[in-house]
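Encoded as structure tokens, the structure appears first; notes follow it.
Printed below as a string of structure tokens:
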């Protein structure tokens, strides 16, 4: 069965027409053939049939017409899979197809056979505005092959070319390539005057109709023929798009390498613009390679085409340097030897585009360094020794926006660029769709691209298709690589580690890393950071589209098991943990993942993720209805609120937990909840209530043997006693807390209590001991790499040094603590550190710096409700401003708050 688009759109069976039936089915058949082997969406077929003005029943009509076409084809003898419904559209698989035959003949240099495939204008008689660009593209392709054919015949000394070229120039007088060929053919035939006259006629025509001069290649031919100089090398480079955008550094590096005789290999994901980049570089380098600029598409990833064998590619290259097919030897080695001998000593530029593998490329490499070589491909090609390897990524946002604006006729579209993932192919398709829909605005296009589930379907136009480009890369993978690609699409987060990939696939880490590196080499994955992998947004969507539902469900189960039980960096995976805990139907996993994550992430500064995980765990525990799970999740959420400075929410959440554990009779959990409530009351300036709650917690901790709760309560009791001026009691409580911490092997907790001891000793006037103990705490925290403990200890050390009259040393400690807490994003301790810094700056005689620090402390304290530190900041600010009009206002407000709380001394934050 024969399918045709190079002329009237037809299907022939045994030489007899089968279809299409009517103009609408004809348009559908044309669109399906142009997308042969790929899924053509119904939405596109609707556009093709009705040119943007479809009736309400358009989708149903398209499906009916396509089904009728399939029945006709099968009835005429085609296989049942010739036309199938797949996902959002239909796929046509033509057996004998004139467009495929045309391209295959052309790739082999059989130009006359290729041209014989044409039976008239492409898509003749098909009146569809949506398909008009495809018809024009095919006609342009026919003319390009015709030029290649005639160039080979002129170079081969075919005298009959003059007559054909004369007719073609008359038909296409503005096509300078044909004019140049006619001039060369006439010159070879000894008709130099006629050749020069052909140029003058073309020059007048260009000036009269377009107001331009002939291009540089045509002028060069004229000058050479005028002086009867040797014919220069010919240029086979494709069109260099005028709106090429960005990549200045890569273009410059490639030009420098080519001029130095070094090959250039550019690789990158599908649609990243490798061909456009190579063509831009080649045109700019053309002047350095006067013997010719050659170009061969190796079809490594061309829809509907098999990769071009190296033997056929050599034939195309030999034709371009004037060796007719009839004079080329058979066999790869023989052709490669002829190729290398013909290019030796010549300054040629060879562009090998769209390579699939090194096997295609290596036989095509010239043996002479005088020839420049530029190779592009999706996979990394390490076989070109000494090459400059350029990995092309998506464009930076500003350059992507500029490309879309240029391609869309000047309409800016930052939102479109973002939704296209800054991928050049997607940007050009989006711009083309906007240009072909005059009633659309940029906002309309953004709305259509906004849904991840339909974005790829929107990014196809005029034979260009982002999904089809990705599908070709997927097709080239091995079975295991494809499976890894599919299961990675199930990951709900962003970038991930190899361990997560191993869990999704169900394999060990070594095998997972090998497959990940394979996908990285194929540019189907990116590496945003060492040992981290991730998808481009559009490729991630494609991975989800090709996923098998059962396979995906099993992979997701394994991933959740990994995050629940496995070993990994919680800090590195925190965004992914938030994503997986947002999934529905995995409450037990979510609760346990949240438990682990909160324990690992607290005091690390990741407040947003900490809160999101704690909330997800609490919701999951509520759905499970398990009292133990609920109380633990409420404890986690209290910690998250505490670390984020949301004290009122922390009190409310902890009160819920306290009620729950009392209802359940869980006295150990009640002790922990009472200790936490005491700390919260202390933060809010209710120190007598805090002490009462700590003592209740200590009683219950003793009854239940809850040593961890006991040391927490003793430590926080010491804080409250120190604030209220009960220094001897505070010293006893801190010593007990540290002893229990050390007995439990809690090194971090011991550091905090050592710092507390130093502070209380300073309050008692035992400054020598205080300095020694405080310094010990700081050194221990630094040695342990405990950032939170270092900040805590430095704040206490600053207070000790201020009490000892050493403000410069105190300032250094407080400043370092502020820097650490800025990184940890911990507002509670930051309030204290800023107050200590302000006090040190004031003691050093720098009231401006002191005021700045106190303002930071005041703003933070008010935001989180830390009243004792608010009072200290107000008093400090009043002192720093001195005679400023606002100074007295701050002093009065600070004294009032100080007296309201009942503070004889200064306060600090309780232990976490």
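Residue numbers (our numbering): 150 to 1061. The beta-carbon is built from N, C-alpha and C at its ideal position, and this holds for glycine as well.
The alpha helix (DSSP H) enclosing residue i, as first and last residue numbers
i: residue 151; result: Residue 151 -> not in any alpha helix (DSSP H); beta strand (DSSP E) instead, spanning 151-153.
i: residue 729; result: 723-730
i: residue 870; result: 856-872
i: residue 1005; result: 996-1013
i: residue 947; result: 936-952
i: residue 329; result: 325-337
i: residue 802; result: 796-813
i: residue 311; result: 310-320
i: residue 608; result: Run containing residue 608: none; DSSP gives neither H nor E here.
i: residue 181; result: 172-183
i: residue 495; result: From DSSP, residue 495 is part of no alpha helix (DSSP H); its letter is neither H nor E.
i: residue 973; result: 956-973
Reduced DSSP category for residue i - H, G, I as helix; E, B as strand; rest coil
i: residue 503; result: strand
i: residue 393; result: coil
i: residue 788; result: helix
i: residue 159; result: strand
i: residue 188; result: coil
i: residue 657; result: coil
i: residue 1030; result: helix
i: residue 539; result: strand
i: residue 675; result: strand
i: residue 534; result: coil
i: residue 227; result: coil
i: residue 613; result: strand
i: residue 1061; result: In this predicted model, residue 1061 has a pLDDT of only 45, less than 50, meaning its place in the structure is not dependable; the value taken from the coordinates is given anyway. Residue 1061: coil per DSSP, three-state reduction.
i: residue 1045; result: helix
i: residue 488; result: helix
i: residue 464; result: helix
Identified DSSP bridge partners for residue i
i: residue 682; result: 645
i: residue 776; result: For residue 776, which the question treats as bridged, DSSP gives no partner whatsoever.
i: residue 166; result: 161
i: residue 444; result: 500
i: residue 426; result: None; residue 426 has no bridge partner.
i: residue 1070; result: Absent from the model: residue 1070. The displayed extent of the chain is 150 to 1061, so no value can be given.
i: residue 524; result: 414, 501
i: residue 273; result: 157
Boundaries of the beta strand (DSSP E) in which residue i is found, first to last residue
i: residue 553; result: That residue, residue 553, is in no beta strand (DSSP E); its alpha helix (DSSP H) goes 546-556.
i: residue 385; result: From DSSP, residue 385 is part of no beta strand (DSSP E); its letter is neither H nor E.
i: residue 986; result: It is not in any beta strand (DSSP E) - residue 986 instead sits in the alpha helix (DSSP H) that spans 976-992.
i: residue 438; result: Taken as a continuous stretch (DSSP letters only), residue 438 belongs to no beta strand (DSSP E), as it is neither H nor E.
i: residue 1098; result: Since the first and last residues shown for the chain are 150 and 1061, residue 1098 lies out of range.
i: residue 233; result: 232-235
i: residue 241; result: 238-241
Integer-rounded CB distance, given that residue j should sit under 8 Å from residue i
i: residue 207; j: residue 199; result: 6 Å
i: residue 807; j: residue 843; result: Actually they are not in contact, since the Cβ atoms of residue 807 and residue 843 sit about 14 Å apart, beyond 8 Å.
i: residue 1025; j: residue 966; result: The pair is not a contact, with the Cβ atoms about 16 Å apart (cut-off 8 Å).
i: residue 442; j: residue 498; result: 5 Å
i: residue 750; j: residue 758; result: 7 Å
i: residue 477; j: residue 490; result: So it is not a contact: roughly 12 Å between Cβ atoms.
i: residue 760; j: residue 793; result: 6 Å
i: residue 985; j: residue 1036; result: The pair is not a contact, with the Cβ atoms about 21 Å apart (cut-off 8 Å).
i: residue 247; j: residue 153; result: 5 Å
i: residue 557; j: residue 580; result: 4 Å
i: residue 543; j: residue 570; result: 6 Å
Decide yes or no for the touch test of the region 454-467 against the region 275-294: beta carbon pairs closer than 8 Å, at least 3 of them.
no
So, do the region 421-432 and the region 216-229 have three or more beta carbon pairs nearer to each other than 8 Å?
no
Are there three or more Cβ pairs, one per stretch, closer than 8 Å when the region 383-392 is compared with the region 429-440?
yes
Would the region 601-608 and the region 687-696 be scored as touching if the rule is three or more Cβ pairs under 8 Å?
yes
Flag this pair as touching only if the region 531-539 and the region 672-687 have three or more C-beta atom pairs under 8 Å; answer yes or no.
no
Pairing CB atoms from the region 525-535 with CB atoms from the region 497-513, are three or more of them under 8 Å?
yes
Okay, do the region 155-166 and the region 543-551 touch, 3+ Cβ pairs below 8 Å being the bar?
no
Would the region 760-775 count as touching the region 719-738 if we require 3 or more Cβ pairs under 8 Å?
yes
Between the region 587-602 and the region 612-622, can you find at least three pairs of beta-carbon atoms closer than 8 Å?
no
Would you check if there are 3 or more beta carbon pairs closer than 8 Å linking the region 804-821 to the region 843-852?
yes
Does the count of Cβ pairs from the region 946-963 and the region 904-921 closer than 8 Å reach three?
yes
How about the region 926-933 and the region 883-894: do they share at least three Cβ pairs that are nearer than 8 Å?
no
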